[in-house]
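In this note's numbering, the protein residues as written are 5 to 133.
Note that beta-carbon positions come from the ideal geometry of N, C-alpha and C, so glycine has one too.
Quantities reported herein were computed from a predicted structural model and do not represent experimental measurements.
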Amino acid sequence: MIQRIQTLYILIVIILSFLMLKLTIDFSNDIKLNSLVKRYYVFYFIPVIGILTLFLYKKRVIQSKMCLIMLGINVLVLISYGLKIYEGNSSFINLVLIACSIIECILLFVARKAINKDENLVRSIDRIR
Numbered sequence: 005m006i007q008r009i010q011t012l013y014i015l016i017v018i019i020l021s022f023l024m025l026k027l028t029i030d031f032s033n034d035i036k037l038n039s040l041v042k043r044y045y046v047f048y049f050i051p052v053i054g055i056l057t058l059f060l061y062k063k064r065v066i067q068s069k070m071c072l073i074m075l076g077i078n079v080l081v082l083i084s085y086g087l088k089i090y091e092g093n094s095s096f097i098n099l100v101l102i103a104c105s106i107i108e109c110i111l112l113f114v115a116r117k118a119i120n121k122d123e124n125l126v127r128s129i130d131r132i133r
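See below:
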């Protein structure tokens with residue numbers, strides 16, 4: 005499980021999402037989010053789905069779809085904080101959260117690409133048999 009590179013990418017995403025969750029809870033007085041992510045429910049979904057994705061290493065198709073769902077949630081968070089900065093609330097915490105979200109999006113994209121590469125390799129070996 006841990007020897008696959010996409011597992012390491014997903015593990016880094018989980019750690020970054022816990023960091024983002026901690027930052028939003030610690031500085032909740034300074035940050036006011038849109039109604040869509042008002043009560044930090046989106047920040048709870050990312051690590052939970054990430055942990056589920058981490059343990060679905062034998063089911064690569066489902067793991068790929070879960071990475072796509074996490075990527076969509078991260079884009080939602082990125083848009084939400086981007087709107088806050090556009091409105092003029094450009095605190096340091098918002099910038100850190102946007103940077104973490106961008107890094108997570110890149111890592112999830114690369115992890116999904118590696119998962120699909122593994123799945124294609126397994127399918128090609130099955131065709132040879």
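For this session: With DSSP collapsed to three states, give me the class of residue 108.
Result: Helix, per DSSP.
For this session: Measuring alpha carbon to alpha carbon, tell me which of 12, 21 and 116 ends up nearest residue 69.
Result: A check of alpha carbon separations from residue 69 across 12, 21 and 116 identifies 116 as the nearest.
Exercise. When you compare each of 96, 10, 11 and 87 to residue 24 by their alpha carbons, which one comes out closest?
Worked result: Closest by alpha carbon: 96.
Exercise. So does the stretch 61–68 actually touch the stretch 107–127, counting three or more Cβ pairs closer than 8 Å?
Worked result: Two segments are said to touch when three or more pairs of C-beta atoms, one from each, lie closer than 8 Å; by this definition the stretch 61–68 touches the stretch 107–127.
Exercise. Helix, strand or coil for residue 132 per DSSP?
Worked result: DSSP places residue 132 in helix when its eight states are reduced to three.
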